[in-house]
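Residue numbers (the numbering used here): 6 to 257.
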Amino acid sequence: MLDLFRTRLMQGTPTSEFPDRDVSLPARFRGRPTLSRDDTGAAIGAPARDLPSGLVRADSRALPVLDLGACLFSPEEATAAPGCQVAFSQDYRMATGTRNDLITPTGQVELARALNQQMRRVFGRSLRLRSVAAGSCSGCEAELVALNNVVFDMARFGIQFVASPRHADGIVITGAVSRNMRAALECTYAAIADPRLVIAVGACAISGGPFTGSPEVLNGVPDSIPVDLWVPGCPPHPLTTLDGLLRLLGRL
Ligand code: SF4
């Protein structure tokens with residue numbers, strides 16, 4: 006018994022100091038991508054090789070912009086194309102309040118803003134979420150599960166996952182939304198009482214991710230379900246999701 010107590014004391018407190026202190030992530034962590042254009046403002050050219058996602062695209066003036074909602078955070082995406090250079094930063098903060106905020110000429114994004122006062126009064130101290138995997142690879146769910154472990158411990162902020170949409174204040178959607186899952190997703194959304202929150206987690210739910218263009222998917226959450234928080238990643242780091250949720254609730 007004493008050995009058990011000793012071991013427990015030696016383990017200390019494993020819970021992350023986020024958000025009170027800055028949390029350092031491993032050097033291999035690929036966070037918010039950044040884009041540097043060359044000084045000539047040259048139009049985007051073809052990348053040196055095929056990129057696995059639509060992270061870099063051309064804006065209306067044919068200048069390169071980043072779409073964080075399409076980013077798969079793979080090393081191959083940090084590839085120079087004529088007129089621009091992409092790199093990954095260590096910043097895990099990148100959840101936004103609108104889809105358009107994920108499209109950026111530099112990689113800097115307007116982070117999610119707090120809900121209005123009335124919504125914060127309802128959800129600010131206790132938020133129950135139903136998770137729906139609408140055609141995902143399970144990577145995003147694994148990171149959502151990690152939010153409940155002792156390191157991230159989402160429950161310390163009053164946020165928990167629940168089994169039924171009838172007990173939920175909002176819905177967390179992962180996956181590219183396969184045609185077979187559309188009806189189940191829309192029924193789950195309809196079963197949650199108003200006011201409700203919708204959180205799209207991962208490249209698949211935002212843009213279709215690696216499944217973009219497949220005839221079997223809707224390329225992310227359909228317009229019939231209005232999204233309040235967009236969390237990029239493939240999958241998003243638990244801190245990216247937690248940071249977005251706390252910003253939405255006005256806790257950061
Ligand atoms: S965003 Fe990436 S990790 Fe998440 S479901 Fe899609 S492929 Fe899997």
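Just so you know, even glycine gets a beta-carbon here, dropped at the ideal spot from N, CA and C.
| message | So, with DSSP's three-state summary, where would you put S41? | response | Position 36 of the sequence shown holds residue 41. DSSP places S41 in strand when its eight states are reduced to three.
| request: Leaving aside the five residues before and after P200 along the sequence, list all residues of the same chain whose C-beta is less than 7 Å from its C-beta, in chain order. | output: By one-based count along the sequence shown, residue 200 stands at place 195. Excluding residues within five positions, the ones whose Cβ falls inside 7 Å are M124 and V127.
| By the 10 Å Cβ neighbour count, where 16 or more other Cβ atoms means buried, how is L9 classified, buried or exposed? | By 1-based counting over the sequence shown, the position of residue 9 is 4. The residue in question, L9, is exposed, as its Cβ has fewer than 16 Cβ neighbours within 10 Å.
| said: Check for me: the beta strand (DSSP E) holding T179 runs from which residue to which? | reply: By 1-based counting over the sequence shown, the position of residue 179 is 174. Note, T179: beta strand (DSSP E), G175 to T179.
| said: According to DSSP, simplified to helix, strand and coil, what is A205? | reply: As a first step, residue 205 is located in the sequence shown; it is residue number 200 there, counting from the start. In this structure, A205 counts as strand in the three-state DSSP scheme.
| Between which two residues does the beta strand (DSSP E) harbouring P128 extend? | Working through the sequence shown from its first residue, we reach residue 128 at position 123. Residue identity differs from the one stated: residue 128 is Phe in this sequence, not Pro. Here F128 belongs to no beta strand (DSSP E); instead the alpha helix (DSSP H) covers Q122 to F128.
| query | Once you ignore the five residues that flank G74 on each side, which residues in its own chain have a CB closer than 7 Å to its CB? | reply | The sequence position of residue 74 within the sequence shown is 69, counting from 1. Excluding positions up to five away in sequence, the list reads R104, L107, A208, I211, S212, W235 and P237.
| request: Starting from P69, trace the beta strand (DSSP E) both ways and give me its first and last residue. | output: Taking the first residue of the sequence shown as position 1, residue 69 is located at position 64. P69 to D72 is the extent of the beta strand (DSSP E) around P69.
| field | Buried versus exposed, by CB contacts within 10 Å (16 or more), D64 | value | If you number the sequence shown from 1, residue 64 lands on position 59. Per the 10 Å Cβ criterion, exposed.
| In chain order, what residues of the same chain have a beta carbon less than 7 Å from the beta carbon of E221, not counting five sequence neighbours either side? | Within the sequence shown, residue 221 is the residue found at index 216, counting from 1. If we look at E221 and ignore the five residues flanking it on each side, its Cβ neighbours are S183 and R184.
| message | Excluding the 5 residues flanking A138 on each side, which residues of the same chain have their C-beta closer than 6 Å to its C-beta? | response | Numbered from its first residue, the sequence shown carries residue 138 at position 133. Same-chain partners within the cutoff: E146, T179 and G180.
| task | Name all residues in chain order for which at least one heavy atom of the ligand SF4 lies closer than 5 Å to the residue's CB. | result | S141, C142, G144, C145, G207, A208, C209, G214, C239 and P240
| request: Taking only the alpha-carbon atoms, compute the straight-line gap between D96 and A117 and give it to the nearest angstrom. | output: Residue 96 sits at position 91 when you count from the first residue of the sequence shown. Residue 117 sits at position 112 when you count from the first residue of the sequence shown. Here the C-alpha atom of D96 lies approximately 15 Å from the C-alpha atom of A117.
| task | Could you tell me how far apart the beta carbons of L250 and I164 are, in whole angstroms, since I believe they sit closer than 8 Å? | result | In the sequence shown, residue 250 corresponds to position 245, counting from 1. In the sequence shown, residue 164 corresponds to position 159, counting from 1. Contact holds; Cβ gap of about 6 Å.
| query | How long is the line joining the alpha carbons of V61 and G140, rounded to whole angstroms? | reply | As a position in the sequence shown, residue 61 is number 56, starting the count at 1. As a position in the sequence shown, residue 140 is number 135, starting the count at 1. So the alpha carbons of these two residues sit roughly 25 Å apart.
| I211, DSSP secondary structure in three states | Within the sequence shown, residue 211 is the residue found at index 206, counting from 1. In the structure shown, I211 sits in a helix (DSSP, three-state: H, G or I).
| field | Residues sharing a beta bridge with S79, DSSP | value | Sequence index remark: in the sequence shown, residue 79 carries index 74 (1-based). For S79, which the question treats as bridged, DSSP gives no partner whatsoever.
| said: Quick test of your reading: R23 and L254, contact by CB under 8 Å. State the CB separation rounded to the nearest angstrom. | reply: The sequence position of residue 23 within the sequence shown is 18, counting from 1. The sequence position of residue 254 within the sequence shown is 249, counting from 1. The amino acid occupying residue 23 in the given sequence is Phe; Arg does not appear at that position. Contact flag wrong, Cβ pair sits at about 15 Å.
| message | If you reduce the DSSP assignment to three classes, tell me which class V150 lands in. | response | Numbered from its first residue, the sequence shown carries residue 150 at position 145. Looking at V150 - three-state DSSP - the assignment turns out to be helix.
| request: Per DSSP, which residues does L254 bridge with? Please list them. | output: Start at 1 with the first residue of the sequence shown, and residue 254 comes out as number 249. In the DSSP assignment, L254 is bridged to no other residue.
| request: Could you tell me if M99 is buried or exposed, where buried requires 16 or more neighbouring beta carbons within 10 angstroms of its beta carbon? | output: Within the sequence shown, residue 99 is the residue found at index 94, counting from 1. Label assigned to M99: buried.
| message | Taking the beta carbon of R54 as the centre, do at least 16 other beta carbons fall within 10 Å, making it buried, or is it exposed? | response | Here the question's residue 54 lines up with position 49 in the sequence shown. Reliability fails at R54, whose pLDDT of 49 lies under 50, so the model's placement of it is uncertain and no value is given.
| alpha helix (DSSP H) containing F162: first to last residue? | Against the sequence shown, residue 162 aligns to sequence position 157. Taken as a continuous stretch (DSSP letters only), F162 belongs to no alpha helix (DSSP H), as it is neither H nor E.
| When DSSP labels each residue in this structure, what does F216 get in the three-state scheme? | In the sequence shown, counting from the first residue as 1, residue 216 sits at position 211. Helix.
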